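Visitor: Position in the sequence shown counted from 1, then plus 1, gives you our numbering. One structure is given below, represented as structure tokens, and several questions about it will come after.
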Amino acid sequence: MKDFKRKIAPVILLALLAASGGCMDAYSYLYCEGVFAYAQTGNILLFCINLVRGEFLQSLSYLWPILAFMGGTAVAFLLERMHKGWKPFLHKWRTLILEIAILIGVCFVADYNHLIATAMISFVCGMQLESFPSFLSIRVATTMCIGNLRSAVHHGMECAVGNARGNGVQVLVFGVALTAFALGAALGNFLVALLSAYAVLASCVLLAVAIIFAFLVYERD
């Protein structure tokens, strides 16, 4: 049980959170007029391009998700600082409950204001990245891919040339994150066509499963 708790459970949690991230990103892009909730690099790029072209209203549609992401990161940081005396991980799962509540709200906003809906998802993204920065002591993102992709290739090359030990575990962790994100994105694409605004509830289900799993593994005692 100790090995499961230390080595396997974190990878399962990573997969659930990454799948949720992929689903949310697909939802925001497909249903909210092509604005990324998670890929802030793309949003900063498009904000600057539209700004210098004088398309100020269009540039704002990319600015709000950036500010919301920053706000979510700040809120998660403050929550963790406030709850430092709590049992390990407990404040993190309460953060996920808040994420679920916000995503449920997205269902009722998305049809009326895509901009607000995307900003809400970006807020959740910031919270999740701040609350879950690493698994198995490996820094890995659950809501975006570029850093994970670089790290997977880097550690894969380390394994290939035989200069470093233990890189196989890191390749596995990054591979799980990338695969789960891709599967979540595919699920989001399917559900947007099927459920429209309510497709984001799939991310809520994945987060809820992560909470229940974490409680059973880490908090039950």
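The beta carbon of each residue, even a glycine, is placed where N, CA and C say it ideally should be. In this text, all values refer to a predicted model and were calculated from it rather than measured experimentally.
Using the three-state DSSP reduction, which class does S138 fall into: helix, strand or coil?
Guide: coil
Visitor: Alpha carbon to alpha carbon, how far is C33 from C126?
Guide: 16 angstroms
Visitor: Let me know if C146 comes out buried or exposed under the rule of 16 or more other beta-carbons within 10 Å of its beta-carbon.
Guide: That one is buried.
Visitor: Alpha carbons only, please: which of R7, R140 and T96 is nearest the one belonging to V76?
Guide: T96
Visitor: With C-beta atoms as the reference, is A153 less than 7 angstroms away from F175?
Guide: yes
Visitor: Can you say whether E56 is buried or exposed, counting buried as having 16 or more other CB atoms within 10 angstroms of its CB?
Guide: So E56 ends up on the exposed side.
Visitor: How do the region 192 to 206 and the region 93 to 108 stand: do at least 3 beta-carbon pairs fall below 8 angstroms, yes or no?
Guide: yes
Visitor: Would you decide whether M83 is buried or exposed? Buried here means 16 or more other CB atoms lie within 10 Å of its CB.
Guide: By the C-beta density criterion, M83 is exposed, having fewer than 16 other C-beta atoms within 10 angstroms.
Visitor: Taking the CB atoms as reference points, tell me whether I67 and N44 lie closer together than 7 angstroms.
Guide: yes
Visitor: For H115 and V162, what's the separation of their Cα atoms in angstroms?
Guide: 48 angstroms
Visitor: Could you please give the first and the last residue of the uninterrupted alpha helix (DSSP H) stretch that includes I9?
Guide: Neither: I9 is in no alpha helix (DSSP H) and is coded neither H nor E.
Visitor: Please name the residue, chosen from A209, V218, L196 and A215, that lies closest to Y28 on a Cα-to-Cα basis.
Guide: L196
Visitor: Quick check: the Cα distance between E81 and M128, rounded to an integer number of angstroms?
Guide: Distance between the alpha carbons of E81 and M128: 10 angstroms.
Visitor: My understanding is that F124 touches A209, with C-beta atoms under 8 angstroms, so please give their C-beta distance in whole angstroms.
Guide: That pair is no contact at about 19 angstroms.
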